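What follows is a single structure, written as structure tokens, with notes after it.
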Amino acid sequence: MDKPTFVYQIHIATTPERMWEALTSGDFLEKYWYGRRFRTDWIVGSPVQTISPEGAVDWDGKVLRFEPPRFLSYSFQILGFQKRSSRLEFEIEPQGKAVRLTLRHFDIEEPCVKGISEAWPAFCSTLKSLLETGKAMELGG
């Protein structure tokens, strides 16, 4: 197994099912990811894209693993920025009345490492805020 370029873990007071919904629902994503939505059917091998509030495709990839409510993986390429796809994994583990979310990002191109290492903690913090308080933090976008 290859080594991830970036790993981030966070504990969030929620259920695995609610966390899964937050990671896979376009309506949920829109609340904490700067108005973006998913376009996918979540079938392994199918395309997955994020759509900006203006209707443009920001990035696209392919669904690699879909195991509700524990494991999600898809390829990821920012259009017009990355030359090749990288791979994301989200692992959800119950921890009492919380979950531990582990995000792993593989094969990140060197110019993207700094941005990704700043963006994913912000993404996870905003998600945590939304799931625990009902309100996403506003970090800019």
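Counting in our numbering, the sequence shown runs from 3 upward without gaps.
Where a beta carbon is used, it is the ideal one built from N, C-alpha and C, also for glycine.
Note that the structure is predicted; figures quoted are calculated from it, not measured.
Through-space distance from residue j to residue i, alpha-carbon basis
i, j, result
"P87", "E23", "It is worth fixing the name first, because residue 87 is Ser in this sequence and not Pro. One C-alpha to the other measures close to 24 Å."
"L125", "K85", "The amino acid occupying residue 125 in the given sequence is Phe; Leu does not appear at that position. Looking at the two C-alpha atoms, the distance is approximately 23 Å."
"L66", "K137", "30 Å"
"L129", "P70", "18 Å"
"I80", "V59", "9 Å"
"F73", "P123", "19 Å"
"S48", "I110", "22 Å"
"T17", "S27", "15 Å"
Local Cβ density within 10 Å of residue i, reported as buried at 16 or more and exposed below that
i, result
"T135", "exposed"
"M139", "exposed"
"R41", "exposed"
Sub-8 Å separation of residue i and residue j beta-carbons
i, j, result
"V101", "I45", "no"
"E91", "S75", "yes"
"L31", "R20", "no"
Boundaries of the alpha helix (DSSP H) in which residue i is found, first to last residue
i, result
"D157", "The requested residue 157 is not part of the displayed model; the chain covers only 3 to 143."
"L81", "Here L81 belongs to no alpha helix (DSSP H), and DSSP marks it neither H nor E."
"P123", "V115 to T135"
Endpoints, beta strand (DSSP E) assigned at residue i
i, result
"G63", "V59 to E69"
"R39", "R39 to R41"
"V46", "Looking at the DSSP string, V46 is not in any beta strand (DSSP E), and its letter there is neither H nor E."
"E93", "S88 to Q97"
"R106", "A100 to F108"
- Message: Would you call the region 101 to 118 in contact with the region 5 to 19, where contact means no fewer than 3 C-beta pairs closer than 8 Å?
- Response: yes
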